[in-house]
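Enquirer:
Number of protein chains: 2
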Amino acid sequence: MTSILDVAKKAGVSPTTAKRAVNQPHLLTKATLERVQTAIEFLNYEPDRTAGALRRGHSQTIGLMVGNIIEPFFAQLTRTIAKAVHAKGYALIVADNEYDTSLELENLRMFHGQRVSGLIIRSAFGTGNLEYLRRLHQQGTYILEIDHFLPESGFSHIMLDNHGGVETGLRYLHNLGHRKIAALTVFEAHQDERARAYTEIMTDLGLKIPKAYQRSTDLTEEGAYRRTLELLRLPEPPTAIFSMTGNEAAGAFRALKEQHIRIPEDISFLTFDDYSWTSLVEPPLDVITQPIQTMGLRAAELVIGAIERRQLNQTHLERFACRLITRSSCAAPRSHSLH
Amino acid sequence: MTSILDVAKKAGVSPTTAKRAVNQPHLLTKATLERVQTAIEFLNYEPDRTAGALRRGHSQTIGLMVGNIIEPFFAQLTRTIAKAVHAKGYALIVADNEYDTSLELENLRMFHGQRVSGLIIRSAFGTGNLEYLRRLHQQGTYILEIDHFLPESGFSHIMLDNHGGVETGLRYLHNLGHRKIAALTVFEAHQDERARAYTEIMTDLGLKIPKAYQRSTDLTEEGAYRRTLELLRLPEPPTAIFSMTGNEAAGAFRALKEQHIRIPEDISFLTFDDYSWTSLVEPPLDVITQPIQTMGLRAAELVIGAIERRQLNQTHLERFACRLITRSSCAAPRSHSLH
DNA sequence: ATTTTGAATGGACACGTGTCCATTTTTGTT
DNA sequence: AACAAAAATGGACACGTGTCCATTCAAAAT
Chain D
1 MTSILDVAKK
11 AGVSPTTAKR
21 AVNQPHLLTK
31 ATLERVQTAI
41 EFLNYEPDRT
51 AGALRRGHSQ
61 TIGLMVGNII
71 EPFFAQLTRT
81 IAKAVHAKGY
91 ALIVADNEYD
101 TSLELENLRM
111 FHGQRVSGLI
121 IRSAFGTGNL
131 EYLRRLHQQG
141 TYILEIDHFL
151 PESGFSHIML
161 DNHGGVETGL
171 RYLHNLGHRK
181 IAALTVFEAH
191 QDERARAYTE
201 IMTDLGLKIP
211 KAYQRSTDLT
221 EEGAYRRTLE
231 LLRLPEPPTA
241 IFSMTGNEAA
251 GAFRALKEQH
261 IRIPEDISFL
271 TFDDYSWTSL
281 VEPPLDVITQ
291 PIQTMGLRAA
301 ELVIGAIERR
311 QLNQTHLERF
321 ACRLITRSSC
331 AAPRSHSLH
Chain B
340 MTSILDVAKK
350 AGVSPTTAKR
360 AVNQPHLLTK
370 ATLERVQTAI
380 EFLNYEPDRT
390 AGALRRGHSQ
400 TIGLMVGNII
410 EPFFAQLTRT
420 IAKAVHAKGY
430 ALIVADNEYD
440 TSLELENLRM
450 FHGQRVSGLI
460 IRSAFGTGNL
470 EYLRRLHQQG
480 TYILEIDHFL
490 PESGFSHIML
500 DNHGGVETGL
510 RYLHNLGHRK
520 IAALTVFEAH
530 QDERARAYTE
540 IMTDLGLKIP
550 KAYQRSTDLT
560 EEGAYRRTLE
570 LLRLPEPPTA
580 IFSMTGNEAA
590 GAFRALKEQH
600 IRIPEDISFL
610 TFDDYSWTSL
620 VEPPLDVITQ
630 PIQTMGLRAA
640 ELVIGAIERR
650 QLNQTHLERF
660 ACRLITRSSC
670 AAPRSHSLH
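Written out as structure tokens, the structure is:
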């Protein structure tokens with residue numbers, strides 16, 4: 001492997017000077033700089049980041065832990081972040097936790113081993129790994145939570161305005177006349193902001209949430225499919241279903257179609273995430289869209305900014321607004337005329 | 340940062356012995372091993388992979404370069420590969436080339452800088468970076484091409500049986516009575532296997548491909564949308580459209596819907612990739628599905644196997660079969676009855 | 001011509017690990 | 001009990017970089 005020493009020898013300068021051609025070119029004479037650059041190109045020299053990482057104590061590397069990279073939300077986030085950190089000379093190491101704490105821990109260890117400078121994480125529910133994250137932070141890794149954050153973690157985070165989004169959606173459905181509105185989400189231990197907002201706002205609207213509506217999905221397409229079938233079998237099925245993620249929406253929509261439920265005549269359907277397919281199906285779905293790209297860019301910006309300015313303890317808490325896009329999957333419930 | 344020296348001191352053994360507790364535990368007495376392990380847990384020691392990488396000359400890291408991580412094909416591939424390499428103790432560094440040679444080169448440099456042990460790449464069209472890849476390989480990085488390979492690259496690759504898949508699809512459409520079959524793909528310079536197969540098999544079937552059918556998309560949803568509109572405006576529009584990727588299918592389907600083309604009555608539609616949405620739209624699409632998981636797992640297996648057995652020059656060329664799933668988007672063309 | 005200043009270049013060392021070889025301890029054999 | 005053999009443990013060094021300090025050189029000021 002060619003190192004800076006080879007470059008220095010080739011250019012006839014000291015190793016220190018050669019390194020400056022890479023890191024602080026302004027310190028060199030134009031002539032010297034050119035000589036070294038020629039040598040670099042001739043030898044195809046590429047600085048060894050692993051050596052730099054060892055010396056500095058942390059690598060030019062950002063870890064990204066997502067829930068499930070197959071979900072377009074995370075895929076798009078990954079892509080945006082990857083591009084942004086590459087532009088700053090960092091590499092992105094990716095892992096997903098499948099919303100599972102123990103798998104997450106394994107991957108956190110891996111990130112630790114790689115001495116990532118920063119960590120962008122959509123952590124699994126539960127505070128199981130909070131202690132580990134705290135230690136990571138203490139050892140110099142900047143940590144940014146995204147899409148979800150652990151209560152009292154104290155880390156920076158980038159969140160959607162989930163309460164606002166759910167409120168927009170629920171008021172939209174309520175104004176159409178819906179009273180029996182079910183949500184597909186995770187209710188357990190009030191960990192999910194959207195679930196909390198759903199509970200709160202339903203109450204604000206004077207609506208009761210039947211016990212039967214309060215069962216959770218597991219955030220998978222398959223789980224939402226099963227959960228939707230359960231809702232349909234209820235003696236009093238909902239007149240509207242509000243899916244809290246685009247991933248679950250696919251499962252729910254499949255169930256509705258299979259059961260020949262007409263949308264929106266029989267049931268109105270609303271979901272978070274403006275995935276490409278939602279406008280291709282019949283009827284095109286009403287969605288609440290997130291500014292994924294903006295959030296991803298900001299995440300990369302915050303993390304790299306904190307690293308380069310060595311402000312590891314500075315906390316940023318940011319919220320981003322979402323937007324309702326109405327298409328054709330929500331309408332007044334049939335029963336509404338009876339009121 | 341706590342190092343193995345701290346562990347050794349804490350456990351009252353030499354650094355070498357402490358390291359063995361991590362790397363070759365079978366060499367230690369049960370008592371010693373336990374003592375060291377206790378110290379490791381107490382100190383939350385995690386080996387510094389950057390130091391190991393420096394020493395060994397390459398990191399415990401695999402690079403993955405995909406075309407566009409937002410496409411479910413690549414997202415699923417990424418996930419499968421990530422999981423498989425994590426299980427072997429490797430980290431996965433992800434980048435996408437957006438099918439662009441110069442962006443790819445930037446990311447290859449980044450991979451080189453990180454001293455990745457292996458590289459799984461869906462390279463951009465064109466041989467622009469072949470030389471760089473060859474150098475990487477020469478310097479000890481195992482290279483595996485996936486989904487597409489550069490002619491005469493000499494690297495290992497994992498490919499779909501593209502010819503078989505296209506043949507299955509075209510014969511299926513031909514048997515239904517279609518003669519004017521257009522393909523959405525990249526024709527330029529015969530770089531894409533599916534485009535080549537389309538050209539060959541159409542000839543085998545005794546069918547002519549009009550000049551107007553031979554224009555390329557840019558592999559994006561948007562590009563396929565525009566290309567489909569062009570096809571529809573033709574004086575003799577095709578009776579069947581065969582989309583060579585699931586990504587393009589979304590754009591094409593959108594165009595067909597917007598133009599109120601009835602599928603399959605007006606035009607039959609067939610596509611590669613069994614994406615989730617293809618069975619949710621009306622009509623559910625006939626698709627050719629790829630064994631993405633199998634291919635991803637095999638890719639990880641080959642790369643890590645070659646690295647660990649230090650057989651960097653061993654070449655594996657593997658092909659995987661695909662399968663036609665018929666749903667409701669293909670039927671006999673209307674004109675067929677006139678024959 | 002001499003001194004002063006700042007710019008440009010060079011040298012030495014440590015980061016934590018893996019590898020190789022040396023030394024000590026234990027076990028088995030007679 | 002004495003020795004050989006094997007098992008267990010220890011020590012020294014290099015990987016390529018970033019950082020700090022030292023040295024040399026050129027230009028400006030006297």
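Heads up: the protein sequence lines correspond to chains D and B, in order.
Numbering (our numbering) for the first sequence: 1 to 339.
Numbering (our numbering) for the second sequence: 340 to 678.
Ideal placement from N, C-alpha and C gives every residue a C-beta, glycine not left out.
Residue ranges of each alpha helix (DSSP H) run of no fewer than 4 residues wholly in the segment 257 to 337 of chain D, ordered along the chain?
Expert: 292 to 308
Enquirer: Would you say the segment 453 to 472 of chain B touches the segment 485 to 502 of chain B, given that touching needs at least three Cβ pairs under 8 Å?
Expert: With the cut-off at 8 Å, the segment 453 to 472 of chain B and the segment 485 to 502 of chain B touch.
Enquirer: State whether the segment 598 to 615 of chain B contacts the segment 570 to 587 of chain B, with contact taken as three or more CB pairs (one from each stretch) at a distance under 8 Å.
Expert: Enough Cβ pairs lie closer than 8 Å, so yes.
Enquirer: With DSSP run on the structure shown, which of helix, strand or coil describes residue 124 of chain D?
Expert: Within the first sequence, residue 124 of chain D is the residue found at index 124, counting from 1. Three-state result, residue 124 of chain D: coil.
Enquirer: Of all the CB atoms in chain D, is at least one closer than 8 Å to the CB of residue 620 of chain B?
Expert: Within the second sequence, residue 620 of chain B is the residue found at index 281, counting from 1. Residue 620 of chain B counts as touching chain D.
Enquirer: By alpha-carbon positions, which one of D/116, D/235, D/187, D/130 ends up nearest to residue 180 of chain D?
Expert: For this step, residue 180 of chain D is matched to residue 180 along the first sequence. The candidate whose alpha carbon is nearest that of residue 180 of chain D is D/235.
Enquirer: Closer than 8 Å between beta carbons: that is the criterion. Which residues of the segment 451 to 470 of chain B meet it against chain D?
Expert: 451, 452, 453, 454
Enquirer: Between residue 346 of chain D and chain B, is any beta-carbon pair separated by less than 8 Å?
Expert: Past the boundaries of the shown model lies residue 346 of chain D; chain D is included only from 1 to 339, so the question cannot be answered.
Enquirer: Since residue 564 of chain B and residue 593 of chain B should fall inside the 8 Å C-beta cutoff, what is the C-beta to C-beta distance between them, to a whole number of angstroms?
Expert: Within the second sequence, numbered from 1, the residue matching residue 564 of chain B stands at position 225. Within the second sequence, numbered from 1, the residue matching residue 593 of chain B stands at position 254. Right, their Cβ atoms sit about 6 Å apart.
Enquirer: Name the DSSP beta bridge partners of residue 144 of chain D, please?
Expert: On the first sequence, residue 144 of chain D is found 144 positions in, with the first residue counted as 1. Answer is D/120, D/156.
Enquirer: Give me the Cβ distance between residue 625 of chain B and residue 665 of chain B, rounded to the nearest whole Å; I'm assuming they're in contact under 8 Å.
Expert: Working through the second sequence from its first residue, we reach residue 625 of chain B at position 286. Working through the second sequence from its first residue, we reach residue 665 of chain B at position 326. Contact flag correct, Cβ pair sits at about 5 Å.
Enquirer: Should the segment 303 to 321 of chain D be regarded as contacting the segment 93 to 102 of chain D, the criterion being three or more beta carbon pairs within less than 8 Å?
Expert: no
Enquirer: Is it buried or exposed, residue 368 of chain B, if we count other Cβ atoms within 10 angstroms and call 16 or more buried?
Expert: Here the question's residue 368 of chain B lines up with position 29 in the second sequence. The Cβ neighbour count for residue 368 of chain B, taken over all protein chains shown within 10 Å, is under 16; the residue is labelled exposed.
Enquirer: So, helix, strand or coil for residue 345 of chain B, using DSSP?
Expert: Locating residue 345 of chain B in the second sequence gives position 6, counting from the first residue. In the structure shown, residue 345 of chain B sits in a helix (DSSP, three-state: H, G or I).
Enquirer: Along the segment 417 to 438 of chain B, where does the CB come closer than 7 Å to a CB of chain D? Name the residues.
Expert: 417, 418, 421, 425, 430, 431, 432, 433, 434, 435
Enquirer: Would you verify that the beta carbon of residue 53 of chain D is, or is not, closer than 8 Å to some beta carbon of chain B?
Expert: Position 53 of the first sequence, counted from the start, is the residue given in the question as residue 53 of chain D. Chain B, which has a Cβ nearer than 8 Å to the Cβ of residue 53 of chain D, makes this yes.
Enquirer: Assuming the contact rule is C-beta atoms closer than 8 Å, residue 342 of chain D and residue 162 of chain D should be a hit. Round their C-beta distance to whole Å, please.
Expert: Residue 342 of chain D lies beyond the stretch modelled for chain D, which goes from 1 to 339, so this question has no answer here.
Enquirer: Taking DSSP as the reference, what is the three-state secondary structure of residue 110 of chain D?
Expert: Walking along the first sequence from the start, residue 110 of chain D turns up at place 110. Three-state DSSP puts residue 110 of chain D in a helix.
Enquirer: Please classify residue 597 of chain B as buried or exposed, where buried requires at least 16 other C-beta atoms within 10 Å of its C-beta.
Expert: Position 258 of the second sequence, counted from the start, is the residue given in the question as residue 597 of chain B. Exposed: under 16 other Cβ atoms inside 10 Å.
Enquirer: With H, G and I counted as helix, E and B as strand and the rest as coil, what does DSSP make of residue 59 of chain D?
Expert: Stepping through the first sequence from its first residue, residue 59 of chain D is reached at position 59. In the structure shown, residue 59 of chain D sits in coil (DSSP, three-state: anything other than H, G, I, E or B).
Enquirer: Hey, would you say residue 511 of chain B sits closer than 8 Å to residue 669 of chain B, going by beta carbons?
Expert: Within the second sequence, residue 511 of chain B is the residue found at index 172, counting from 1. Within the second sequence, residue 669 of chain B is the residue found at index 330, counting from 1. Taking the C-beta atoms as reference points, residue 669 of chain B is found nearer than 8 Å to residue 511 of chain B.
Enquirer: Please check the pair residue 373 of chain D and residue 117 of chain D, which I expect to be a contact at CB under 8 Å, by giving their CB distance rounded to whole angstroms.
Expert: This structure leaves residue 373 of chain D out entirely; chain D is present only between 1 and 339.
Enquirer: How would you write the range of the beta strand (DSSP E) that residue 543 of chain B sits in, first residue to last?
Expert: Taking the second sequence and counting its residues from 1, one reaches residue 543 of chain B at position 204. Where residue 543 of chain B is concerned, there is no enclosing beta strand (DSSP E), although the alpha helix (DSSP H) it sits in stretches over 532 to 543.
Enquirer: By Cβ distance, which residues of its chain are closer than 8 Å to residue 137 of chain D, with the 5 residues on each side in sequence left out?
Expert: Here residue 137 of chain D is taken as the residue at index 137 of the first sequence, counted from 1. Closer than 8 Å at the Cβ level, and outside the excluded window around residue 137 of chain D, lie 143, 155, 312.
Enquirer: Going by Cα to Cα distance, which pick from D/89, D/231, D/64 is closest to residue 104 of chain D?
Expert: In the first sequence, the residue the question calls residue 104 of chain D occupies position 104. Ranking the options by Cα distance to residue 104 of chain D, first place goes to D/64.
Enquirer: Can you check whether the C-beta of residue 337 of chain D is within less than 8 Å of a C-beta belonging to chain B?
Expert: Counting from one through the first sequence, the residue named residue 337 of chain D turns up at place 337. Any reading at residue 337 of chain D needs caution, since the residue's pLDDT is 45, under 50, leaving its predicted position unreliable; the model's value is listed next. By this cut-off, residue 337 of chain D is not an interface position.
Enquirer: For the alpha helix (DSSP H) that contains residue 81 of chain D, what are its first and last residues?
Expert: Here residue 81 of chain D refers to the residue found at position 81 when the first sequence is read from its first residue. Its alpha helix (DSSP H) spans residues 72 to 87.
Enquirer: Can you confirm whether residue 75 of chain D, when its beta carbon is compared against all beta carbons of chain B, has any partner nearer than 8 Å?
Expert: Translated into positions along the first sequence, residue 75 of chain D becomes position 75. Yes, contact with chain B.
Enquirer: When you check each C-beta in the segment 241 to 253 of chain D against every C-beta of chain B, which residues fall closer than 8 Å?
Expert: 250, 253
Enquirer: Check the C-beta distance from residue 393 of chain B over to residue 405 of chain B and give it rounded, since I have them as a contact under 8 Å.
Expert: Working through the second sequence from its first residue, we reach residue 393 of chain B at position 54. Working through the second sequence from its first residue, we reach residue 405 of chain B at position 66. With a beta-carbon spacing of about 28 Å, residue 393 of chain B and residue 405 of chain B fall beyond the 8 Å limit used to define contacts.
Enquirer: With a cut-off of 8 Å, does the C-beta of residue 566 of chain B fall near any C-beta of chain D?
Expert: Counting from 1 along the second sequence, the entry for residue 566 of chain B is found at position 227. No - not a single Cβ of chain D is within 8 Å of the one on residue 566 of chain B.
Enquirer: Which chain B residues sit within Cβ distance under 8 Å of residue 139 of chain D?
Expert: By one-based count along the first sequence, residue 139 of chain D stands at place 139. Those are 340, listed as they occur along chain B.
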